[in-house]
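Peer 1: Residue numbers (the numbering used here), protein chains in the order written: chain E, 760 to 1057; chain Z, -8 to 232.
Glycine residues also receive a C-beta, built at the ideal position from the N, C-alpha and C atoms.
Just so it is clear, the structure is predicted and the values come from calculations on it, not from any experiment.
Just dropping this structure here.
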Amino acid sequence: MAKKSTVEADGSKSRKTKARRVANIRLAVQIFFFALIALIAVNHTLEEAGKAIPILSSASLHAICPFGGVVSVYQFITAGTFVRKIHSAAFILMWIVFVLTLFLGPVFCGWVCPFGSIQEWFGKLGRKIFKRRFNRLIPYKVDRILRYLRYVVLGMIVYMTAATGTLMFANIDPYFALFNFWTTEVAIGGVIILIAVLLLSLLVERPFCKYACPYGALLGVFNLFRIFKVRRNRSTCIDCKACDRSCPMNIPVSTGGAVRHHQCITCLKCTSEQACPVEKTVELTTIRLEKIQQEVAS
Amino acid sequence: MTLRSRHIAPIVLVVFILGIGGTIFLGLWQTTSSKVPATYAEGEFAGEYNPADIRGSYSFGDIEEAFAVPVAALAKAFAVEDTENPADFLCKSLEDLYGATENGEVGTDSVRWFVALYAGLPYSPEEDTLLLSPSISVLRERLSEAQLETVRAKTVTVSTLGASAAAESSDTQTETEIAEVKGKTTFGELLSWGVSKETIEQILGLPIGKAGDTVRDYCIENGIEFSTVKDALQAAADQAQ
């Protein structure tokens, strides 16, 4: 009996080690993009002082934000030009992200976006402070309604930008404030929202992504028809709810076959690589897992 | 087909690298403005460059190229003649230099308005847009008296902007914030305080010196005792305030 429990403990330990190693892959990608954007933002400031680091891009943050492409679409179609401060690079990045999202879902949110990453890192601290209460503080009914707020934000921003031809919301953009807080370009509104988001991140996982991010709202729609979906094999699922508990966006993964929730960010925390204790039960795949199982069996 | 984290990481990186690299190779990737402003779509000026499209990243040199407004005129109008190379001066730097006050702001929109006035192009500035007083002397020969009156109503001196900024920040005052004629005062500063070229010449009895020259050095070079003109210049500066 003691031997069996030792084997189980060893298995659990090795699974945890493996899960941690897998989680570190995503963390490495997040750190890479965070550092890259931070360096480009610093280089932009250095360039204005005539001291830019060679080779590294010194583009402004607006120029390399794929959402800049989204808000420019109307002006590009009607006038053939971009919104002020937006250039073709933002448009190209928008298409790159759309292609990735069509196949993998909002992988940009979960793996690339530096503002999502910093909220996640603050969340790790919040989890240590608030333990089990972290990310479970907002009542489900309120939370469910609030999650549609980001579509209102998306509509407002796209409409106002199309109407004015300028980045109307740049002064309250926390992402811009994060990478420009040392410059005079940043407005106090942006800094206040940035601080508020980071503080809220101690209580709720990715609060800006969940309730306010207009780009996340748009990419979230792709979850309805993305090619690779997070799928659950009902026949092997032991209904332990580990996938639900691990999801940073509080998506009930265990209640369906495939995750089509508009807030999935393809972080893969729920999969059998990490949270799910049963092999090949929650996977990022193109076809139903039961079908794979049947094919293997036959 | 099933993907795992070890697949996603390289996929994401490769798609970004290929996408960006490919468009750089094709010459489509741009992170800065082409410095070619948009043109008027219709009306009398259809096809001409529209000052409304001047952006903060435009230098005075870019504007000269597009609108044929000389760098010297822009530098004088915005009192930046003393900068090392006015052709490289960026419009957005005006916001850092002068900032916003309760009366309005001297910034990129001021440049748009000034260029439109100088080049005789239609443009409606934003409500809080201001010009600096030296603009008047640059525009005098190009505008009617009625137009000049409109512009004068939206004109401020550098010292006014400086005083407002000082009141807001209560930081240490810089020399330009107080219109005080001292040994180090330059002709550029006198002009930026609103003292006209004619008034200065009348007080000195000489043609005005270069914007970067100090009045005292210029007086010494021309055999004038600085103390004999200092009070008159101070009075003119006070009057211009």
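So the beta strand (DSSP E) residue 965 of chain E belongs to, where does it begin and stop?
Peer 2: Stepping through the first sequence from its first residue, residue 965 of chain E is reached at position 206. Careful: residue 965 of chain E lies outside any beta strand (DSSP E) and carries neither H nor E.
Peer 1: Bridge partners of residue 50 of chain Z, per DSSP?
Peer 2: Within the second sequence, residue 50 of chain Z is the residue found at index 59, counting from 1. According to DSSP, which records beta bridges pairwise, residue 50 of chain Z is partnered with Z/81.
Peer 1: Could you tell me whether the Cβ of residue 119 of chain Z comes closer than 8 Å to any Cβ of chain E?
Peer 2: Residue mapping note: residue 119 of chain Z aligns to position 128 of the second sequence, counting from 1. It does not: the Cβ of residue 119 of chain Z has no partner Cβ on chain E nearer than 8 Å.
Peer 1: Skipping 5 residues on each side, what residues in its chain have a beta carbon closer than 6 Å to that of residue 185 of chain Z?
Peer 2: For the purposes of this step, residue 185 of chain Z is taken as residue 194 along the second sequence, with counting starting at 1. Taken in chain order, the residues that qualify are 124, 148 and 231.
Peer 1: Under the three-state reduction of DSSP, which class applies to residue 7 of chain Z: helix, strand or coil?
Peer 2: Counting from one through the second sequence, the residue named residue 7 of chain Z turns up at place 16. Helix.
Peer 1: How long is the line joining the alpha carbons of residue 1012 of chain E and residue 1002 of chain E, rounded to whole angstroms?
Peer 2: In the first sequence, counting from the first residue as 1, residue 1012 of chain E sits at position 253. In the first sequence, counting from the first residue as 1, residue 1002 of chain E sits at position 243. So the two alpha carbons sit approximately 6 Å from each other.
Peer 1: Just verifying my parser: in three-state terms, what is the DSSP assignment at residue 166 of chain Z?
Peer 2: The residue you call residue 166 of chain Z lines up with position 175 of the second sequence. With a pLDDT of 37 at residue 166 of chain Z, under the threshold of 50, the modelled position of that residue is not reliable, and the figure given next carries that caveat. Correct three-state label for residue 166 of chain Z: helix.
Peer 1: Go through its chain and collect everything with a Cβ distance to residue 1028 of chain E's Cβ below 7 Å, but skip five positions before and after it.
Peer 2: Locating residue 1028 of chain E in the first sequence gives position 269, counting from the first residue. Excluding positions up to five away in sequence, the list reads 1005, 1006, 1007 and 1034.
Peer 1: Please go through the same chain and pick out, in chain order, the residues whose beta-carbon is closer than 6 Å to the beta-carbon of residue 964 of chain E, but skip the five residues on each side of it.
Peer 2: Here residue 964 of chain E refers to the residue found at position 205 when the first sequence is read from its first residue. Closer than 6 Å at the Cβ level, and outside the excluded window around residue 964 of chain E, lie 882, 894 and 1007.
Peer 1: At the level of alpha carbons, what is the spacing between residue 835 of chain E and residue 847 of chain E?
Peer 2: As a working note, residue 835 of chain E is residue 76 in the first sequence. As a working note, residue 847 of chain E is residue 88 in the first sequence. If I take the Cα positions, the gap works out to 10 Å.
Peer 1: Below 8 Å CB to CB, which residues in the same chain sit around residue 73 of chain Z once its five sequence neighbours on both sides are set aside?
Peer 2: By one-based count along the second sequence, residue 73 of chain Z stands at place 82. Once the five neighbours on either side are set aside, the close Cβ partners of residue 73 of chain Z are 177, 179, 202 and 203.
Peer 1: Residues of chain Z with a CB under 8 Å from the CB of residue 1058 of chain E: which are they?
Peer 2: No statement about residue 1058 of chain E is possible, as the shown extent of chain E runs from 760 to 1057 and does not include it.
Peer 1: Would you mind working out which of E/833, E/983, E/931 and E/903 sits nearest residue 921 of chain E, comparing C-alpha positions?
Peer 2: Mapped onto the first sequence, residue 921 of chain E falls at position 162. Closest by alpha carbon: E/833.
Peer 1: Just grab the DSSP bridge partners of residue 1040 of chain E for me.
Peer 2: Numbered from 1 along the first sequence, position 281 holds the residue referred to as residue 1040 of chain E. Beta-bridge pairing links residue 1040 of chain E to no other residue.
Peer 1: Count the C-beta pairs between the segment 85 to 103 of chain Z and the segment 62 to 77 of chain Z that are closer than 8 Å, then say yes if the count reaches three, no if not.
Peer 2: The segment 85 to 103 of chain Z is in contact with the segment 62 to 77 of chain Z.
Peer 1: How is the alpha helix (DSSP H) around residue 980 of chain E delimited, first residue to last?
Peer 2: As a first step, residue 980 of chain E must be located in the first sequence, where it is residue number 221. That run of the alpha helix (DSSP H) goes 973 to 980.
Peer 1: Hey, is residue 105 of chain Z's beta-carbon within less than 8 Å of any beta-carbon in chain E?
Peer 2: Here residue 105 of chain Z refers to the residue found at position 114 when the second sequence is read from its first residue. Not one chain E Cβ lies under 8 Å of residue 105 of chain Z.
Peer 1: Whole alpha helix (DSSP H) runs in the segment 869 to 931 of chain E with 4 or more residues, listed along the chain?
Peer 2: The qualifying runs are 873 to 889, 899 to 905 and 908 to 923.
Peer 1: Starting from the beta carbon of residue 1001 of chain E, find every residue of chain Z whose beta carbon is closer than 7 Å, and list them in chain order.
Peer 2: Taking the first sequence and counting its residues from 1, one reaches residue 1001 of chain E at position 242. What residue 1001 of chain E touches in chain Z: nothing, since even the nearest Cβ is about 17 Å away.
Peer 1: Could you check whether residue 918 of chain E and residue 976 of chain E sit closer than 8 Å to each other, using their CB atoms as the reference points?
Peer 2: Counting from 1 along the first sequence, the entry for residue 976 of chain E is found at position 217. Counting from 1 along the first sequence, the entry for residue 918 of chain E is found at position 159. Result no, Cβ atoms of residue 976 of chain E and residue 918 of chain E do not sit closer than 8 Å.
Peer 1: Using a Cβ distance threshold of 8 Å, determine whether the segment 1012 to 1023 of chain E contacts the segment 952 to 964 of chain E, with at least three qualifying pairs required.
Peer 2: As far as the Cβ criterion goes, the segment 1012 to 1023 of chain E does not touch the segment 952 to 964 of chain E, which means the pair count is below three.
Peer 1: Does any residue of chain E have a CB that is nearer than 8 Å to the CB of residue -6 of chain Z?
Peer 2: Within the second sequence, residue -6 of chain Z is the residue found at index 3, counting from 1. Yes - at least one Cβ of chain E is within 8 Å of the one on residue -6 of chain Z.
Peer 1: By the criterion of Cβ-Cβ separation under 7 Å, what are the contact partners of residue 299 of chain Z in chain E?
Peer 2: Any question about residue 299 of chain Z goes unanswered here, given that chain Z covers just -8 to 232.
Peer 1: Under 8 Å by Cβ, that's how I've got residue 866 of chain E and residue 27 of chain Z pegged, so tell me the actual separation to the nearest angstrom.
Peer 2: The sequence position of residue 866 of chain E within the first sequence is 107, counting from 1. The sequence position of residue 27 of chain Z within the second sequence is 36, counting from 1. At roughly 36 Å, the Cβ-Cβ gap does not stay under 8 Å, so residue 866 of chain E and residue 27 of chain Z are not in contact.
Peer 1: Against chain Z, with Cβ distances strictly below 8 Å, would residue 993 of chain E count as a contact?
Peer 2: The residue you call residue 993 of chain E lines up with position 234 of the first sequence. Not an interface residue.
Peer 1: With H, G and I counted as helix, E and B as strand and the rest as coil, what does DSSP make of residue 160 of chain Z?
Peer 2: The residue labelled residue 160 of chain Z in the question sits at position 169 within the second sequence. Model confidence at residue 160 of chain Z stands at a pLDDT of 42, short of 50, so the residue's coordinates are unreliable; what they give is reported in the following sentence. Residue 160 of chain Z falls in the helix class under three-state DSSP.
Peer 1: Out of E/771, E/806 and E/857, state which residue places its alpha-carbon closest to the alpha-carbon of residue 984 of chain E.
Peer 2: Reading the first sequence from its first residue, position 225 is the one you call residue 984 of chain E. Minimum Cα distance to residue 984 of chain E is reached at E/857.
Peer 1: Taking the C-alpha atoms as reference points, what is the distance between residue 777 of chain E and residue 930 of chain E?
Peer 2: Numbered from its first residue, the first sequence carries residue 777 of chain E at position 18. Numbered from its first residue, the first sequence carries residue 930 of chain E at position 171. Cα to Cα, the separation comes out at about 43 Å.
Peer 1: Is the shortest distance between the beta-carbon of residue 80 of chain Z and the beta-carbons of chain E less than 8 Å?
Peer 2: By 1-based counting over the second sequence, the position of residue 80 of chain Z is 89. No - not a single Cβ of chain E is within 8 Å of the one on residue 80 of chain Z.
Peer 1: Indicate whether residue 925 of chain E and residue 843 of chain E have their beta-carbon atoms separated by less than 8 Å.
Peer 2: Residue 925 of chain E sits at position 166 when you count from the first residue of the first sequence. Residue 843 of chain E sits at position 84 when you count from the first residue of the first sequence. Result yes, Cβ atoms of residue 925 of chain E and residue 843 of chain E sit closer than 8 Å.
Peer 1: If you compare alpha carbons, which of Z/38, Z/23 and Z/222 is closest to residue 30 of chain Z?
Peer 2: As a first step, residue 30 of chain Z must be located in the second sequence, where it is residue number 39. Out of Z/38, Z/23 and Z/222, Z/38 has the C-alpha closest to the C-alpha of residue 30 of chain Z.
Peer 1: Could you spell out the range, first to last residue, of the beta strand (DSSP E) harbouring residue 988 of chain E?
Peer 2: Taking the first residue of the first sequence as position 1, residue 988 of chain E is located at position 229. Where residue 988 of chain E is concerned, the enclosing beta strand (DSSP E) stretches over 988 to 991.
Peer 1: Using 8 Å as the threshold, is the segment 979 to 997 of chain E in touch with the segment 944 to 953 of chain E, meaning 3 or more CB pairs across them?
Peer 2: Flag = no, the segment 979 to 997 of chain E and the segment 944 to 953 of chain E do not touch.
Peer 1: Quick one: list the residues of chain E neighbouring residue 186 of chain Z, beta-carbon separation under 9 Å, in chain order.
Peer 2: As a position in the second sequence, residue 186 of chain Z is number 195, starting the count at 1. Simply none; closest approach about 30 Å.
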